[in-house]
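Just below is one structure, and these are the notes that go with it.
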Amino acid sequence: MLMPPFTLHNPTTVEEACSLAGVLLGKGEEFDWVAGGTDLLPNYKWHLNPKPHVISLARIEGVDTLSLHEIGCMARLADLTVENGIHPLIVEAASKVASSLVRRNATLGGNLCLDTRCFWYNQGELWRRSIDWCHKADCGTGADCRVIPNQNTLCVATYQGDIAPTLMVLGAEVHLIGPNGLRTLPLAEFYQLDGMTKNILKKGEFLLKVTLSKEGAARMGSYQKLRVRDSWDFPEAGVAASWIPGDVNSLQIATTALESIPRCHPEEVAAVLEEGWDGMVSVKALAAAVRKSVQPVNNTSLPPRYRKSMVRVLTKRAVQKMLE
Ligand SMILES: Cc1cc2nc3c(=O)[nH]c(=O)nc-3n(C[C@H](O)[C@H](O)[C@H](O)COP(=O)(O)OP(=O)(O)OC[C@H]3O[C@@H](n4cnc5c(N)ncnc54)[C@H](O)[C@@H]3O)c2cc1C
Ligand code: SF4
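Dropping the structure here:
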């Protein structure tokens with residue numbers, strides 16, 4: 000399909016990017032950020048909500064930092080697959096993303112800000128026109144959501160990124176910057192339960208970097224992923240677990256690819272820990288509780304019942320591997 004026309008801006012500093020964003024917003028002009036383009040550009044080719052302006056982060060200096068405690072938004076996923084000081088859990092998750100070709104272009108910022116996906120949405124324009132569109136890209140028709148009809152307030156498209164849950168269980172923080180300055184918050188508070196707004200980025204803001212505290216960096220964990228083809232497919236379900244070795248009370252679990260947002264499961268963990276840790280009995284109880292708490296819908300490749308039931312298996316595997 001033909002790429003729709005847009006004006007590409009190439010700032011070289013963070014300040015220039017923020018001021019460009021401020022100017023466009025001031026003029027009422029819409030824009031998207033682009034990093035590696037592996038998600039945005041295919042979506043543009045399918046005419047999925049393209050904007051008249053695109054601001055590239057690719058030429059900005061100093062935003063591709065890579066260390067145990069800090070990863071810049073433009074760090075390539077391929078570089079996160081190598082254990083050169085990066086936390087092993089991030090290496091494990093990054094190695095399971097897409098294919099080596101995609102990982103060479105894909106960035107951490109793009110992966111965390113990935114658009115949500117849905118069978119009815121990630122299709123060419125002619126296909127979507129033939130079904131009279133859907134709420135997320137309704138082309139001004141007011142079309143209904145095809146997954147949960149008769150509501151049109153919520154899009155339940157699925158977030159299918161692999162790295163977010165691992166960073167969540169490591170307690171990572173995100174640093175967001177825009178025309179109104181910098182703010183920092185836990186990644187666990189970054190996502191917003193709606194397949195269209197996706198996260199709490201304000202207009203003009205972009206994700207600058209992710210940081211890990213000393214406590215986060217000391218954690219160990221495991222990430223387990225369900226996908227159709229191991230060679231490159233998006234996760235159909237993903238579970239990350241981490242702990243501070245020897246301290247079972249520090250256990251954290253997060254899931255992805257099951258709802259519109261990746262999320263932590265502190266209540267389920269707390270309920271099991273309250274009973275007193277009892278090895279495999281507790282692992283099984285935790286796996287059952289996490290399975291019960293997730294609500295996948297019918298908009299990805301595999302049926303929601305199967306994805307939900309696999310959450311029990313993935314949680315058990317992740318916790319067992321972590322405790323090994
Ligand atoms: C064939 C294929 C298979 C894939 N399989 C997987 C998989 O198994 N697991 C997985 O996790 N992902 C998968 N992906 C998605 C891929 O990982 C993402 O496309 C990639 O990580 C996005 O990074 P990017 O730099 O290319 O983002 P872009 O395409 O440049 O941007 C993605 C989105 O994020 C926004 N954005 C980018 N950077 C920032 C920033 N710093 N701040 C704010 N917003 C930003 C853009 O506006 C856009 O909406 C797959 C993609 C393809 C094409
Ligand atoms: S969940 Fe509904 S509104 Fe969202 S992309 Fe799918 S069909 Fe469209």
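Using numbering that gives the first Met the number 0, the letters of the sequence shown correspond one by one to residues 0 to 323. Beta carbons: idealized from backbone N, C-alpha and C, even for Gly.
Boundaries of the alpha helix (DSSP H) harbouring TYR43: 39-44, taken from the DSSP string. The beta carbons of LEU207 and ILE176 sit closer together than 7 angstroms. Pairing GLN150 with VAL310, the inter-Cα distance amounts to about 28 angstroms. Contact between GLY71 and THR80 does not hold, since the beta-carbon distance rounds to 16 angstroms and is not under 8 angstroms. Taken from the Cβ of ARG145, at least one heavy atom of ligand 2 lies inside 6 angstroms. In terms of CA proximity to LEU186, LEU211 leads the group GLY180, PRO178, LEU211, MET195. Counting of Cβ neighbours within 10 angstroms places ILE130 among the exposed residues, the total staying below 16. Residue pairing by DSSP puts MET219 in a beta bridge opposite TRP242. For VAL90, the CB contacts under 8 angstroms within the same chain, skipping 5 residues up- and downstream, are LEU79, THR80, VAL81, GLU82 in chain order. Sixteen is the threshold: when 16 or more other Cβ atoms of the shown chains lie within 10 Å of the Cβ of GLY108, as they do, the residue is buried. For SER99, there are no CB contacts under 6 angstroms within the same chain when 5 residues up- and downstream are skipped. A Cβ-Cβ separation of about 17 angstroms leaves THR165 out of contact with GLU235 under the 8 angstroms criterion. Distances from the CA of VAL247 to each of SER94, GLU274, ARG262 were compared; the closest alpha carbon is that of GLU274. The criterion of a C-beta distance shorter than 7 angstroms is satisfied by THR115 and LYS197. LEU206 has LEU175 as its beta-bridge partners, per DSSP. The distance from the Cβ of LEU181 to that of VAL173 is about 11 angstroms, inconsistent with a contact at the 8 angstroms cut-off. Taking the Cβ of ASN110 as the reference point, at least one heavy atom of ligand 1 falls within a distance shorter than 6 angstroms. According to the DSSP assignment, THR183 belongs to the beta strand (DSSP E) that extends over 180-185. Residue environment for SER308: exposed (fewer than 16 other C-beta atoms within 10 angstroms of its C-beta).
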